[in-house]
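Novice: So for the sequence shown, our numbering puts the first residue at -5; every next one is plus one. Ideal Cβ placement from N, Cα and C applies to all residues, glycine included.
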Amino acid sequence: MTDKVYVPPIKIQGIKTKLVPLIKRSVAMRSDALWIEPFMGSGVVGFNVEPRNAVFADTNPHIIEFYKQIQSGVVTAYGVREFLEREGKALEQGDAEYYYEVRDRFNKRHDPLDFLFLNRACFNGMIRFNRDYEFNVPYGHKPQRFAKAYITKIANQVARVEKLLQGRSWKFLCQSFETTIEMASANDFIYCDPPYIGRHVDYYDSWDEESEIALRDALYESGAKFMLSTWDHNDYRENVYVSSVWSKCHKITREHFYHVGAKETNRNPVVEALLTNYPVEEPQNGSLMKNEQLLLFDQ
-5 MTDKVYVPPI
5 KIQGIKTKLV
15 PLIKRSVAMR
25 SDALWIEPFM
35 GSGVVGFNVE
45 PRNAVFADTN
55 PHIIEFYKQI
65 QSGVVTAYGV
75 REFLEREGKA
85 LEQGDAEYYY
95 EVRDRFNKRH
105 DPLDFLFLNR
115 ACFNGMIRFN
125 RDYEFNVPYG
135 HKPQRFAKAY
145 ITKIANQVAR
155 VEKLLQGRSW
165 KFLCQSFETT
175 IEMASANDFI
185 YCDPPYIGRH
195 VDYYDSWDEE
205 SEIALRDALY
215 ESGAKFMLST
225 WDHNDYRENV
235 YVSSVWSKCH
245 KITREHFYHV
255 GAKETNRNPV
265 VEALLTNYPV
275 EEPQNGSLMK
285 NEQLLLFDQ
């Protein structure tokens, strides 16, 4: 286990890259337990925890299909490099017109490589769909986005996933969080990073108070240990659901910048909360010591 945090090839707003060390330190699970993520998103947490057995689920079929195709060998690091080199040149020549051509193509064919292209070429790296489940994020206006070094970086991220999949029993499933949590036994561990209630909830489908309560009930009924990421407060308001819906949970917090919006003035600090149904020790002085390890143990 190292301090290095590996970034996945699909990026989303609110990605937990900077919180991964704290999350890893705070996980308590058996090494042979099933790691379950009902809201896979970028997958950055599970990909860094590196469990032997895992279920990565999401209601966004395009994320799931992308990783299933890596698992089956259809999408490879070499193929990603060739694709982005070709499409990057086309973007450089066609600029916005070509971006929207690819977006229209993706909304008709749902090709995973087009999804990767859009994810890296769109405005602010957002993933957003309209009511017809069409990708509708505008162009990021960077025609030279896919420079050689950037393509190599993405290809290496795909290669990392290919390596992780070797010798591990991982499943990628497109399904609801209720169905995913029902798969858990008392010995398993569930990590949840749901849409942040009261903030940005147009990621793929909606999220409201009813959804938040249903998630809480499903997690407690599972009997498994769980951890949930959410926002605690910012300079203007607090997440009232932390003290109401999640009042029985243990909480540790960490401040970091939440990158939303194109302007630096829109990128304000938010205090994030990790909520668990088991006690977690808060790191001294609010920081992690070097070489802190995941609480992953054998029985």
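What are the boundary residues of the alpha helix (DSSP H) that includes Glu266?
Specialist: Taking the sequence shown and counting its residues from 1, one reaches residue 266 at position 272. Segment Pro263 to Thr270 is the beta strand (DSSP E) holding Glu266; no alpha helix (DSSP H) there.
Novice: Regarding Val155 and the ligand COA, is the C-beta to nearest heavy atom distance less than 6 Å?
Specialist: For the ligand COA, the structure offers nothing, since it holds no ligand at all.
Novice: Could you tell me the boundaries of the alpha helix (DSSP H) in which Phe77 lies?
Specialist: To locate residue 77, count along the sequence shown from 1; it is residue 83. Element bounds for Phe77: Ala71 to Arg103.
Novice: Do the stretch 161 to 175 and the stretch 90 to 100 make contact, defined as three or more Cβ pairs closer than 8 Å?
Specialist: Verdict: no, contact absent.
Novice: Can you name, in chain order, every residue of its own chain whose Cβ lies under 7 Å from the Cβ of Phe129, other than the five neighbours on each side?
Specialist: Locating residue 129 in the sequence shown gives position 135, where the first residue counts as 1. Arg97, Phe100, Asn101, Leu112 and Phe123.
Novice: Bridge partners for Tyr144 per DSSP, in chain order?
Specialist: Taking the sequence shown and counting its residues from 1, one reaches residue 144 at position 150. The partner list for Tyr144 (beta bridge, DSSP) is empty, contrary to what the question assumes.
Novice: Going along the chain, which unbroken runs of the beta strand (DSSP E) with 3 or more residues stay wholly within the stretch 166 to 212?
Specialist: As far as the stretch 166 to 212 is concerned, its whole beta strand (DSSP E) runs of at least 3 residues are 183 to 186.
Novice: For Tyr61, which of Leu110, Arg24, Ser237 and Arg139 has the nearest alpha-carbon?
Specialist: As a working mapping, residue 61 is identified with position 67 in the sequence shown. The residue with the shortest Cα to Cα distance from Tyr61 is Leu110.
Novice: Does the stretch 42 to 54 come within contact of the stretch 23 to 31, defined as at least 3 CB pairs closer than 8 Å?
Specialist: In short, these stretches touch, since the Cβ pair count reaches three.
Novice: Could you say which of Ile191, Arg248 and Val264 lies nearest to Trp240 if we only look at CA atoms?
Specialist: The residue you call residue 240 lines up with position 246 of the sequence shown. The candidate whose alpha carbon is nearest that of Trp240 is Ile191.
Novice: Out of Glu203, Glu249, Gly217 and Ala208, which has the shortest C-alpha to C-alpha gap to Tyr235?
Specialist: Walking along the sequence shown from the start, residue 235 turns up at place 241. Checking every option, the nearest Cα to that of Tyr235 belongs to Glu203.
Novice: For Val49, report the span of its beta strand (DSSP E) as first-last.
Specialist: On the sequence shown, position 55 is the one that residue 49 refers to. Start and end: Asn47 to Asp52.
Novice: Where do the ends of the alpha helix (DSSP H) carrying Lys62 lie?
Specialist: If you number the sequence shown from 1, residue 62 lands on position 68. Here the alpha helix (DSSP H) through Lys62 covers Pro55 to Ser66.
Novice: Within a Cβ cutoff of 6 Å, which residues of the same chain sit near Glu310, ignoring the five residues on either side of it in sequence?
Specialist: Nothing about residue 310 can be read from this structure; the chain reaches only from -5 to 293.
Novice: Let me know if Val39 comes out buried or exposed under the rule of 16 or more other beta-carbons within 10 Å of its beta-carbon.
Specialist: The sequence position of residue 39 within the sequence shown is 45, counting from 1. Buried, since its Cβ has 16 or more Cβ neighbours within 10 Å.
Novice: Short check: CB of Val265 to CB of Asp226, under 7 Å?
Specialist: As a position in the sequence shown, residue 265 is number 271, starting the count at 1. As a position in the sequence shown, residue 226 is number 232, starting the count at 1. Their beta carbons are under 7 Å apart, which means Val265 touches Asp226 by this criterion.
Novice: Would you list the one or two residues that DSSP bridges to Glu31?
Specialist: The residue labelled residue 31 in the question sits at position 37 within the sequence shown. Bridge partners of Glu31: Phe50.
Novice: Mind checking which residues open and close the alpha helix (DSSP H) that includes Ser36?
Specialist: By 1-based counting over the sequence shown, the position of residue 36 is 42. From DSSP, Ser36 is part of no alpha helix (DSSP H); its letter is neither H nor E.
Novice: Rounding to the nearest angstrom, what Cα-Cα distance links Ala267 and Arg248 in this structure?
Specialist: The residue labelled residue 267 in the question sits at position 273 within the sequence shown. The residue labelled residue 248 in the question sits at position 254 within the sequence shown. Using only the alpha carbons, I get a separation of about 7 Å.
Novice: Considering only the alpha carbon of each residue, which of Gly217, Ser163, Lys147 and Phe41 lies closest to Tyr272?
Specialist: Looking up residue 272 in the sequence shown gives position 278. Measuring from the Cα of Tyr272, the nearest candidate turns out to be Gly217.
Novice: Count the C-beta pairs between the stretch 69 to 83 and the stretch 142 to 161 that are closer than 8 Å, then say yes if the count reaches three, no if not.
Specialist: Contact between the stretch 69 to 83 and the stretch 142 to 161 is present, because at least three Cβ pairs lie under 8 Å.
Novice: How long is the line joining the alpha carbons of Ile4 and Met177, rounded to whole angstroms?
Specialist: Locating residue 4 in the sequence shown gives position 10, where the first residue counts as 1. Locating residue 177 in the sequence shown gives position 183, where the first residue counts as 1. C-alpha separation (whole angstroms): 25 Å.
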